[in-house]
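For the sequence shown, numbering that gives the first Met the number 0 assigns the number 0 to the initial residue and increments by one for each residue that follows.
We treat Cβ as the ideally placed atom computed from N, Cα and C, and that holds for glycine.
Predicted model, so just to flag it, every value in this text is computed and none were measured.
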Amino acid sequence: MPDPVLLRLEARPEGRVAFVTLNRPDRLNAMNSELMEAFVEILGRLSTDLELRALVLTGAGDKAFIGGADIQEMAGFADPVAARKFISQVHACCEAVRALPVPAIARINGYTFGAGLELAAACDVRVGAATAVFGMPEVRLGIPSVVEAALLPQLIGWGRTRELLLFGETFTAPDALAWGYLEKMAAPDQLDAAVEVWLESLSLCMPTAVRSQKRLIRAWEDLPLRAAIAAGIDAFETSVAGGEPAAAMADFLEARRRAKADS
0 MPDPVLLRLE
10 ARPEGRVAFV
20 TLNRPDRLNA
30 MNSELMEAFV
40 EILGRLSTDL
50 ELRALVLTGA
60 GDKAFIGGAD
70 IQEMAGFADP
80 VAARKFISQV
90 HACCEAVRAL
100 PVPAIARING
110 YTFGAGLELA
120 AACDVRVGAA
130 TAVFGMPEVR
140 LGIPSVVEAA
150 LLPQLIGWGR
160 TRELLLFGET
170 FTAPDALAWG
180 YLEKMAAPDQ
190 LDAAVEVWLE
200 SLSLCMPTAV
210 RSQKRLIRAW
220 EDLPLRAAIA
230 AGIDAFETSV
240 AGGEPAAAMA
250 DFLEARRRAK
260 ADS
């Protein structure tokens, strides 16, 4: 039986990029317990890799990113305890992405429903194929949208969130882009190129600064404004104490001086 989650590590001059693929194309990459356990284990290992620069998350095949949680497994729940365990696994997958110390990029190549939409929302940025279709159909199956559906208001606003969660209707990639769920939209054969633009930009940034910035953004989500500003001041002081910014700024000023001299 194929592995439910595939990991490919790509070595680059500026560090490693992890390509993680949910690998159940015959089930639209639906998330069952086996897949989720493997996913959390893999991301746990990646989180300790000091050479890691980014994660690119996608689904196998050309039909789906993630079609949602596995309905066959959910239909067989013996009791509410089993249901709680399962949905906690969905949350653990999303939390593993959010806790990753480097940027996580969702490469959305097709159907993205329910838990799949939540897992993509847990990523830092999202690029979707122009043909992708999105939705949160849980209410049509007799259950509410939960766990990382709570991230949607900060991406698309409360009104859109209510519309999606209360009526269970699908929406298109152009809608997702216009609403702010997607940062980019591309033709299906241009998804990798769109991801590469982000990876190239990331290669120009200092790894420690990027990791510090992701920690700070995560903290901002839970802090009131004054505390968020104070946390930023602390992060700035810590980064300067490391000495790397001084060298980077000196290089920048020297490059600007040379550019002026050549002009």
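With residue i as the anchor, note down where its alpha helix (DSSP H) starts and where it stops.
i: I107; result: Run containing I107: none in the alpha helix (DSSP H); it sits in the beta strand (DSSP E), A103 to I107.
i: M35; result: S32 to L45
Which same chain residues, not among the five before or five after residue i, have their C-beta less than 6 Å away from its C-beta?
i: S202; result: E13
i: H90; result: V146
i: T160; result: L151 and P152
Considering only residues of the same chain and omitting the five flanking positions on each side of residue i, which have a CB-CB separation below 7 Å?
i: C122; result: L56, V96, A103, I104 and A105
i: L181; result: R125, V126, G127, A172 and A175
i: P206; result: G14 and R52
Can you grab the Cα-Cα spacing for the pair residue i / residue j, in whole Å?
i: A148; j: P3; result: 24 Å
i: A234; j: L116; result: 31 Å
i: L42; j: D261; result: 47 Å
i: G109; j: P136; result: 16 Å
i: E33; j: N22; result: 11 Å
i: E94; j: L45; result: 14 Å
i: A120; j: F76; result: 26 Å
i: A192; j: F38; result: 25 Å
i: V132; j: E72; result: 23 Å
i: E195; j: M35; result: 27 Å
i: R225; j: R139; result: 41 Å
i: A68; j: P187; result: 24 Å
i: I86; j: G158; result: 25 Å
i: K259; j: C204; result: 23 Å
i: A177; j: P79; result: 38 Å
i: G134; j: L165; result: 11 Å
i: I107; j: A63; result: 8 Å
i: R26; j: L8; result: 25 Å
Count the other CB atoms within 10 Å of the CB of residue i; is the residue buried (16 or more) or exposed (fewer)?
i: A29; result: buried
i: I155; result: buried
i: S144; result: buried
i: H229; result: The sequence shown places Ala at residue 229, not His. Exposed.
i: F170; result: buried
i: I65; result: buried
i: A114; result: buried
What residue range is occupied by the uninterrupted beta strand (DSSP E) comprising residue i?
i: I155; result: First-last for I155: L151 to F166, but that is the alpha helix (DSSP H), not the beta strand (DSSP E).
Leaving aside the five residues before and after residue i along the sequence, list all residues of the same chain whose C-beta is less than 8 Å from its C-beta, in chain order.
i: R326; result: The question about residue 326 has no answer here: the residues shown for the chain are numbered 0 through 262.
i: A227; result: A218 and W219
Give me the residue from the options with the minimum Cα distance to residue i.
i: L118; options: L151, L222 and T130; result: L151
i: L6; options: L54, R256, I216 and A114; result: L54
i: R11; options: T111, G113, A81 and E50; result: E50
Residue i CB to nearest chain C CB: under 7 Å?
i: D2; result: Protein chains in the displayed structure number just one, and chain C is not present.
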